[in-house]
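Numbering (the working numbering), first residue to last: 38 to 420. Heads up, the beta-carbon is just placed ideally off N, CA and C, and yes, glycines get one too. Single-structure report; data block below.
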């Protein structure tokens, strides 16, 4: 690719001579957060990397150390002739930028440069005779399958499936059911299953179990827990202690899904997040002190969209941005999942959501958007 093509993707570039690169040569690079591309004399990409300091990383990779000590790592300085760079203001935007550039620079080989943790999700296929929750890695649209997530890890996704299947008495042995011999199911023989799959009109009754389970999975766990507790008390009142004990166990399983590992879990098509990240500082006319601005992003299943920028001392501006976001009038996502890859996009969001130290502020807006007051108060307390 020629220089002009690379420069259209980046903010600036630096040409290096064939001689040793010294520290002063790299001083032209900004000491800011961003993404770097090292290219050779033929302008072929060598390495794409994101960093907290463009200048410092370039010096560590390229500057002549002045000693003759052999190094195990590849000598990038001997082959790098061009450095392209682009700046950003926070770690969330840097990751988005890096992934977008990875697709642009490396094309079909992008997976060699992006190492995201594997993500599993919970799904239920309504077209099956007796649906139940199961693990899946697929997040592409399917009218017959409801997919839930994201989860902190595979263990959490499996727990979500198992808990809902147990709490709402959905099939726990679908492979045996598919084999055509449901009568031999151990759950049925131990009388820990209602056995609706063996009844002539069982599908109608089973469908009611499915509806309740999907309702609970779709952000209504508290309501489902209340229903189970009510049924437990009703069973105990008529001395049906076996049924009461079962409802108690089911309630305990649902209660476990209120753990922080499931804080962001819901129907993936309803995924909606507001993210606030630190932006630039501006010096307004007549002011002596620069004003800190923040970026407000809307994240959904389709991608990420920059809604606008606001100053911490301007609540009206933030209120306007949030109103625009809530009524979905901000337009199409700016970064549709990179190369139209929804799986990569959702995995990236899940990776951020369950990190111990997420960059910026994150709000679950699937039910309602945070108010400007809440956001500004949290920004103020973070100082």
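Sub-8 Å separation of residue i and residue j beta-carbons
| i | j | result |
| --- | --- | --- |
| residue 340 | residue 130 | no |
| residue 179 | residue 163 | no |
| residue 250 | residue 205 | yes |
| residue 46 | residue 141 | yes |
| residue 121 | residue 66 | no |
| residue 397 | residue 210 | no |
| residue 189 | residue 391 | yes |
| residue 198 | residue 172 | yes |
| residue 118 | residue 52 | yes |
For residue j and residue i, the rounded distance between their alpha carbons
| i | j | result |
| --- | --- | --- |
| residue 267 | residue 247 | 19 Å |
| residue 221 | residue 158 | 29 Å |
| residue 330 | residue 336 | 20 Å |
| residue 229 | residue 203 | 10 Å |
| residue 125 | residue 194 | 34 Å |
| residue 412 | residue 177 | 32 Å |
| residue 317 | residue 44 | 23 Å |
| residue 417 | residue 201 | 40 Å |
| residue 415 | residue 214 | 52 Å |
| residue 350 | residue 99 | 42 Å |
| residue 93 | residue 84 | 16 Å |
| residue 239 | residue 310 | 40 Å |
| residue 374 | residue 150 | Any reading at residue 374 must be qualified, since the residue scores a pLDDT of 43, below 50, and its modelled position is unreliable; no value is offered. |
| residue 50 | residue 113 | 17 Å |
| residue 326 | residue 91 | 26 Å |
| residue 359 | residue 406 | 7 Å |
Three-state secondary structure (DSSP) of residue i
| i | result |
| --- | --- |
| residue 298 | helix |
| residue 387 | helix |
| residue 192 | helix |
| residue 270 | helix |
| residue 304 | strand |
| residue 332 | strand |
| residue 292 | helix |
| residue 117 | coil |
| residue 275 | coil |
| residue 392 | coil |
| residue 337 | strand |
| residue 211 | helix |
| residue 411 | helix |
| residue 187 | coil |
Residue i at chain B interface by Cβ criterion, 8 Å
| i | result |
| --- | --- |
| residue 382 | This model lacks chain B altogether; it includes just one protein chain. |
Residue of the options minimising C-alpha distance to residue i
| i | options | result |
| --- | --- | --- |
| residue 363 | 170, 408 and 118 | 408 |
| residue 263 | 83, 240, 290 and 167 | 290 |
| residue 165 | 175, 125 and 243 | 243 |
| residue 217 | 203, 224, 235 and 115 | 235 |
| residue 116 | 79, 347 and 278 | 79 |
| residue 260 | 85, 334 and 288 | 288 |
| residue 385 | 192, 346 and 132 | 132 |
| residue 212 | 231, 167 and 265 | 167 |
| residue 82 | 97, 380, 273 and 138 | 138 |
| residue 285 | 270, 310 and 354 | 270 |
| residue 87 | 301, 76, 71 and 333 | 71 |
| residue 402 | 388, 322, 301 and 272 | 301 |
Would the stretch 244-258 and the stretch 293-304 be scored as touching if the rule is three or more Cβ pairs under 8 Å?
yes
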